[in-house]
Amino acid sequence: MKLSREMVQHIALLARLGLSEAELERFMEQLSNILENFETLQQVDTTNVEPTAQSIALENVLRDDETLPSLPAAEVLANAPSQEEGHFKVRAVLE
Amino acid sequence: MELCQLTIHQAAQLLSRREISSFELTQAVLDCIREVEGKVRAFVTVTEDLALQQAKAADQRIKKGEATPLTGIPALIKDNICTKGVRTTCGSRMLENFIPPYDATVMEKLNACGIVMVGKANMDEFAMGSSTEHSAFSPTHNPWDLSRVPGGSSGGSAAAVAGHETIYALGSDTGGSIRQPAGFCNVVGLKLTYGRVSRYGLVAFASSLDQIGPLTKDVIDCALVTNVIAGYDPRDSTSVPYPVPDYTQSLVPDLHGLRLGVPREYLVSGMQKGVEEVMRSAISRLKELGAEIDWEVSLPHTPYALAAYYIIAPSEASANLARYDGVKYGFSASEAESMWDAMQRTKQFGFGPEVKRRIMLGTYALSAGYYDAYYLKAQKMRTLIRKEFDQAFEKFDALITPTSPTVPFKIGEKVDDPLQMYLSDVCTLPINIAGVPAISLPGGFADGLPVGMQIIGKPFSEETLLRIAFAYEQATDWHKRKPPI
Chain A
1 MKLSREMVQH IALLARLGLS EAELERFMEQ LSNILENFET LQQVDTTNVE PTAQSIALEN
61 VLRDDETLPS LPAAEVLANA PSQEEGHFKV RAVLE
Chain B
96 MELCQLTIHQ AAQLLSRREI SSFELTQAVL DCIREVEGKV RAFVTVTEDL ALQQAKAADQ
156 RIKKGEATPL TGIPALIKDN ICTKGVRTTC GSRMLENFIP PYDATVMEKL NACGIVMVGK
216 ANMDEFAMGS STEHSAFSPT HNPWDLSRVP GGSSGGSAAA VAGHETIYAL GSDTGGSIRQ
276 PAGFCNVVGL KLTYGRVSRY GLVAFASSLD QIGPLTKDVI DCALVTNVIA GYDPRDSTSV
336 PYPVPDYTQS LVPDLHGLRL GVPREYLVSG MQKGVEEVMR SAISRLKELG AEIDWEVSLP
396 HTPYALAAYY IIAPSEASAN LARYDGVKYG FSASEAESMW DAMQRTKQFG FGPEVKRRIM
456 LGTYALSAGY YDAYYLKAQK MRTLIRKEFD QAFEKFDALI TPTSPTVPFK IGEKVDDPLQ
516 MYLSDVCTLP INIAGVPAIS LPGGFADGLP VGMQIIGKPF SEETLLRIAF AYEQATDWHK
576 RKPPI
């Protein structure tokens, strides 16, 4: 299956991943090749096969609703590219 | 023998007899790093000051008679495992300056033992790759032949253990990232059963497949490290609440009563002749040690595991890596017109080509209209592959395969051909899909290069794997060979 330029652009937008023109060209070719190779999966009959999300199945894991110490806010914010008054600083979301 | 060449158990004995100090041992390892690191490039960060400080503390502890087998032993930690106060880059520009405010659970456990951390290991960016060429900083070179790759993604960990730049290392394994480099560098690497080791503090790649594990010079060391890192952790809800045995108790050099299967799909076409020869003679050796061998096992869905893996892992990665938005931590593109533009540019300039490729692949497989054909289909394949392993383990105690179909390849050979690169994990990734444990150990040599033997077991059968590996290791001396650097 051959991916179109529009499709690759659409996927990049969904992932919020900026791509250069050269990357766009390269991914059109490489992703098409990879997906074509994965067509082999369609040879396998999986009717009535349940999907597995996790190989070592555990029952729902519950715990008591207890408050435990959190990381100090200042240490967490220390890695932030931009911060102000104890908050992460972001660009305007609404124009 | 030089001190840096010691195993954990040899060093621990000398430390407990007070014949050497942790400080001397650490100095010897740091000297070795200075000598060979320019050629091997196994480290992202060398933590010399921290190591010497921890060594002094360990010496105090040993003096007080409070040592454990890992106290005062130098270790290298893969750079996707969070180390409080020590930069953790994941081999990526995105996290080049990230200093974790907390320790991973495995680090808390090793710290409690009195670890001496000599540094953080180079790796393929976000653990995506099979050669360590996808590190944003430098490729790592294989100590057995500097023109070849050490495997990946835990290539720095494996190369450093082989090159005596550390006594042991931690890596992580999502589709073979501990075992394949262990095989390429002639060391022992164990991927435990999914859920056996806490993933808390491991930077997430594919959460349903990732496991932390040891890379060591021999099987005894592997058991010693596993003893410490395995166990339940309430902070990882996928970790299993089962008791942890003393894995050293399983190291019995006798294989009588064990039934081993050789799945024919793993002796694949395209496998190097030298690898096949090593495997045939290694398996004969296991037979001599008392194991019953069946060469006619079949796991017919094996050929589909590669496609299933390269749908599941990138899908999970595309979700996990969405967090790198340039807001909370990590690289942030400063030149941007809007919030969305900033996010797109942050990912564009923060991630390297393989990470972008997998984000694209995973986003596609999860997107509307393709989810059923790709992601859901792959999750159903996972059920079939796991069932097939379960059926095999009704008849066999373990399965024996090569770790990789080839010896270490040349640097540059596959880096521009993603499918060829993916194929080098063909023998290891079905194990992660099934969630079962597997160990790679030195199996022999082909054309002067290491060949790894992989032993696969049913869930929580690490003791059986260690027993088989130990018996083989005792009967051979491949693990004692030293690389020519």
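Order-wise, the sequence lines are chains A and B.
To convert, note that position 51 of the first sequence is 51 in the working numbering; the numbers rise steadily by one, no gaps.
To convert, note that position 17 of the second sequence is 112 in the working numbering; the numbers rise steadily by one, no gaps.
For each residue, glycine too, the CB sits at the ideal point set by N, CA and C.
Source: prediction; values computed, not measured.
Membership of proline 358 of chain B in the beta strand (DSSP E) is indicated by the continuous run 354 to 358. Residue-level contact by beta carbon fails for glutamate 21 of chain A and chain B, as no gap is shorter than 9 Å. As summarised for the segment 268 to 305 of chain B, the continuous alpha helix (DSSP H) elements at least 4 residues long and confined to that stretch are 274 to 280, given in chain order. Those residues of the segment 51 to 84 of chain A placed with their C-beta closer than 8 Å to a C-beta in chain B are Pro51, Thr52, Ala53, Gln54, Ser55, Ile56, Leu58, Val61, Arg63, Leu71, Pro72, Glu75, Val76, Ala78, Asn79, Ala80, Pro81 and Ser82, ordered along the chain. Contacts between glycine 18 of chain A and chain B, judged by CB atoms closer than 9 Å, involve Ala428, Asp436, Met438, Gln439, Arg440, Thr441, Lys442, Gln443 and Phe444 in chain order. When the alpha-carbon of glutamine 569 of chain B is set against those of B:Pro537, B:Gly547, B:Lys577 and B:Gln549, the nearest one is in B:Pro537. With a beta-carbon spacing of about 3 Å, glycine 251 of chain B and asparagine 217 of chain B fall inside the 8 Å limit used to define contacts.
Following the DSSP letters along the chain, one finds glutamine 549 of chain B inside the beta strand (DSSP E) bounded by residues 544 to 551. Bridge pairing for serine 345 of chain B: absent [DSSP].
For the pair serine 499 of chain B and lysine 286 of chain B, the Cα-to-Cα distance works out to about 15 Å. Between lysine 173 of chain B and leucine 265 of chain B the beta-carbon gap is near 6 Å, inside 8 Å, which marks them as a contact. Check the Cα spacing between leucine 297 of chain B and each of B:Lys423, B:Asp198 and B:Val502: the tightest is with B:Asp198.
DSSP places phenylalanine 193 of chain B in the coil class of the three-state scheme, outside both helix and strand. Taking a Cβ-Cβ threshold of 7 Å, the residues of chain A close to lysine 423 of chain B are Ala80 and Phe88, in chain order.
The Cβ of glutamate 95 of chain A sits closer than 9 Å to at least one Cβ of chain B. Put simply, the backbone Cα of lysine 475 of chain B is about 15 Å away from that of leucine 461 of chain B. Contact annotation, aspartate 268 of chain B with arginine 294 of chain B: C-beta distance approximately 11 Å; criterion of less than 8 Å not satisfied.
The beta carbon of leucine 24 of chain A sits closer than 8 Å to the beta carbons of Arg5, Val8, Gln9 and Ala12 from its chain, once the five residues preceding and following it are set aside; these are given in chain order. In the assembly as shown, histidine 574 of chain B is a buried residue. Its beta-carbon has 16 or more other beta-carbons within 10 Å. Take the alpha-carbon of alanine 231 of chain B and the one of methionine 223 of chain B: they are about 12 Å apart. Look at tyrosine 263 of chain B here: in three-state DSSP terms it is strand.
Beta-bridge annotation (DSSP): asparagine 79 of chain A is not paired with any residue. A distance below 6 Å between beta-carbons, with the five flanking residues on each side excluded, links lysine 2 of chain A to the following residues of its chain, in chain order: Ser32. One alpha carbon belongs to tryptophan 435 of chain B, the other to arginine 16 of chain A, and they sit about 7 Å apart.
Under a criterion of Cβ atoms nearer than 7 Å, the residues of chain B adjacent to arginine 91 of chain A are, in order, Ser433, Met434 and Ala437. Contiguous alpha helix (DSSP H) elements confined to the segment 109 to 146 of chain B occur at 117 to 135, taking only those with 4 or more residues.
The beta strand (DSSP E) runs of length 3 or more contained entirely in the segment 358 to 410 of chain B are, from start to end of the chain, 387 to 392.
Less than 9 Å separates the beta-carbon of alanine 170 of chain B from that of valine 211 of chain B. Per DSSP, isoleucine 506 of chain B lies in no beta strand (DSSP E) segment and is marked neither H nor E. Here alanine 73 of chain A carries a helix assignment [DSSP, helix/strand/coil].
Sequence-distant partners of glycine 457 of chain B (beyond 5 residues in either direction) whose C-beta falls short of 6 Å from its own C-beta, in its chain, are Pro409, Ser410, Ala412 and Ser413.
Distance from the CA of phenylalanine 300 of chain B to the CA of isoleucine 315 of chain B, rounded to the nearest whole angstrom, comes to 29 Å. Alanine 153 of chain B and valine 141 of chain B have their C-alpha atoms spaced approximately 19 Å apart. Here the alpha carbons of glutamate 95 of chain A and arginine 274 of chain B stand approximately 51 Å from one another. Residue burial annotation: histidine 396 of chain B is buried, with at least 16 other C-beta atoms found within 10 angstroms of its C-beta. Arginine 91 of chain A and alanine 80 of chain A have their alpha carbons spaced roughly 14 Å apart.
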